[in-house]
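Q: Before I ask anything, let me first share the structure, which is written out below as structure tokens.
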Amino acid sequence: MAGNVLALDIGGANLKAADGRGWCHAEPFPMWQAHRSLSDAIHRIVGVRDDWERIVVTMTGEIADCFTSRRDGVAQITQAVEAACRGFDVGVYLVDGSIVSPAEAIGRSAEVAASNWHAIATFAAQLVAPARGLLMDVGSTTVDIVWIEEGTARPLGRTDVSRMASGELVYTGIERTPIASIVHELPWRGRLHPVARERFADAQDAWILLGLELEGSGGTADGRPLDQASAAARLGRMLLLDSEDFTRAEAVAAAEFVALAQSRLVARCLRQVVSAIGRTPEVVVLSGHGEALATRSLRHLPWKDCRVTSLHDEAGAEASRVGPAYALARIAAGRHG
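Quick note on numbering: the sequence shown equals residues 1 to 337 in our numbering.
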């Protein structure tokens, strides 16, 4: 393998980086608010070491509504990378698996946009080759589902629009998804009550009440800490309840209700993808810091002989958290070694 490749995954809410050899980094970055400081943030990440031989980039942040279009987003993000990485050999990953120059990437924006899923799916496919199956990458905002077979990714769609229609892109995640977009009611004192269609709480509030350790990269709905007491108060507010009227046990029951609804949504999309492929998976590869959601989703499916493996087990929790960046670093180093 070639030495010292830095891979950057530039998302709409987080920046992630890895060298494919153990060093990983993730930090919150609200693209819709902070896009003008993107170059500075990247420059700071690049500057943690002075031995990079190559920098490769994948992105999903071009969808942020600070940009007028995906084309505009790809151009601005790529230009920010160039400004931050002057003097380095920089490549940009496309959804066909190729790596091109920044200038070519700007001219092929449709192939650059939302390309990070392809990198992690390609790496996962190579990890379990020649088995057929699925990658499930569960992050703060979305779930990516990609069919893999014979060492390659076999997606049904390649754009956000086509992938969401096929069930491969599920716009729900372990942190940032508003509760009101997951459920329309929650249990309280023996019956279901309607929820306020307001961002009083997010998915992360449910999952932290169920014991998942999260850092809350996107902040919280009310700006208070991401701890169980505050999460319980936020879930109660979804029912317009004050904290004294909503016990911890009631909060946990509401959290279970949310997790069940969210896992059923993901399971429906898994069924949709597998139905379109026409074969059941032999293996499912999990990545991302939302494996708890992935695991619950798989429980709804009758794939009794399906093996489940995890990037967490293969490469560690930090690599799994920045899965596409880790995968891209490995792909780029192998390709150019």
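From the three backbone atoms N, C-alpha and C, an ideal C-beta is built for every residue, glycine too. Treat the numbers as computed from the prediction; the structure is a model and nothing was measured.
What's the call for Tyr171, buried or exposed, on a 16-neighbour Cβ count within 10 Å?
A: exposed
Q: I believe Gly20 touches Ala317 by the beta-carbon criterion, under 8 angstroms. Please report the beta-carbon distance rounded to the nearest angstrom.
A: Incorrect: roughly 16 angstroms between the Cβ atoms, too far for contact.
Q: How many Å lie between Arg36 and Ala129 at the Cα?
A: 42 angstroms
Q: Enumerate, from N- to C-terminal direction, the unbroken alpha helix (DSSP H) stretches of 4 or more residues contained entirely within the region 95-162.
A: 102-107, 109-112 and 116-128
Q: What's the gap between the Cα of Met1 and the Cα of Arg330?
A: Because the pLDDT of Met1 is 42, which lies under 50, any placement of that residue in the model is unreliable, and the question is left without a value.
Q: Near Arg132, which residues of its chain fall below 8 angstroms by C-beta distance, leaving aside the five closest residues on each side in sequence?
A: Trp147, Ile148, Glu149, Glu150, Arg279, Pro281, Glu282 and Val283
Q: Let's test the definition: count the other Cβ atoms within 10 Å of the Cβ of Leu240 and tell me whether it reaches 16, buried, or not, exposed.
A: Exposed, by the Cβ-count rule.
Q: Give me, in chain order, the residues of the same chain whose beta-carbon lies closer than 7 angstroms to that of Ala253; leave out the 5 immediate sequence neighbours on both sides.
A: Excluding the 5 residues flanking it on each side, Ala253 has same chain C-beta neighbours closer than 7 angstroms at Pro187, in chain order.
Q: Cα separation between Glu215 and Arg176?
A: Straight-line measurement puts the Cα of Arg176 at about 12 angstroms from the Cα of Glu215.
Q: According to DSSP, is Gly12 part of a helix, a strand, or is it coil?
A: Residue state, collapsed to three classes: coil.
Q: When DSSP labels each residue in this structure, what does Leu239 get in the three-state scheme?
A: coil
Q: Please determine, among Gly87, Asp313, Ser109 and Lys16, the residue with the shortest C-alpha to C-alpha distance to Asp50.
A: Gly87
Q: Between the alpha carbons of Met31 and Ile77, how many angstroms are there, rounded?
A: 10 angstroms
Q: Would you mind giving the Cβ-Cβ distance between Ala203 and Ile174, rounded to the nearest angstrom? I have them listed as a contact below 8 angstroms.
A: 6 angstroms
Q: Locate the beta strand (DSSP E) running through Trp188, then write down its first and last residues.
A: Glu185 to Trp188
Q: Taking one C-beta from the region 103-119 and one from the region 64-71 each time, how about it: are there three or more such pairs within less than 8 angstroms?
A: yes
Q: Would you call the CB atoms of Ala84 and Thr122 closer than 8 angstroms?
A: no
Q: Does the structure place the region 284-296 close enough to the region 305-312 that three or more beta carbon pairs sit under 8 angstroms?
A: yes
Q: Could you tell me the alpha carbon to alpha carbon distance between Ala17 and Ser140, rounded to whole angstroms?
A: 16 angstroms
Q: For Tyr342 and Ala249, I'd like the C-alpha separation in whole angstroms.
A: With the chain represented from 1 up to 337, any question about residue 342 goes unanswered, as that position is not in the structure.
Q: Determine, using beta carbons only, whether Ala259 and Leu235 come nearer to each other than 8 angstroms.
A: no
Q: Assuming Ala13 contacts Ile63 under a Cβ cut-off of 8 angstroms, what Cβ separation, rounded to an integer in Å, is found between them?
A: Going by Cβ atoms, the distance from Ala13 to Ile63 rounds to 11 angstroms, so no, they are not a contact pair.
Q: Going by DSSP, what residues sit across from Leu286 in a beta bridge?
A: Met136 and Ser310
Q: Roughly how many angstroms separate the alpha carbons of His336 and Arg271, rounded to a whole number?
A: Residue placement at His336 is poorly supported in this model, since its pLDDT is 36, which falls under 50; the coordinates still yield a value, given next. Each residue's alpha carbon lies about 37 angstroms from the other.
Q: Can you give me the C-alpha to C-alpha distance between Met238 and Thr60, rounded to a whole angstrom?
A: Answer to the nearest angstrom: the Cα atoms are 30 angstroms apart.
Q: Rounded C-beta distance between Ser342 and Pro28? I'm assuming under 8 angstroms.
A: It is not possible to answer for residue 342, since the shown part of the chain is limited to 1 through 337.
Q: Under three-state DSSP, which class holds Tyr326?
A: helix
Q: Using CA atoms only, rank isn't needed, just tell me which of Ala103, Arg189 and Asp205 is closest to Thr247.
A: Arg189
Q: Helix or strand or just coil, what does DSSP make of Cys269?
A: helix
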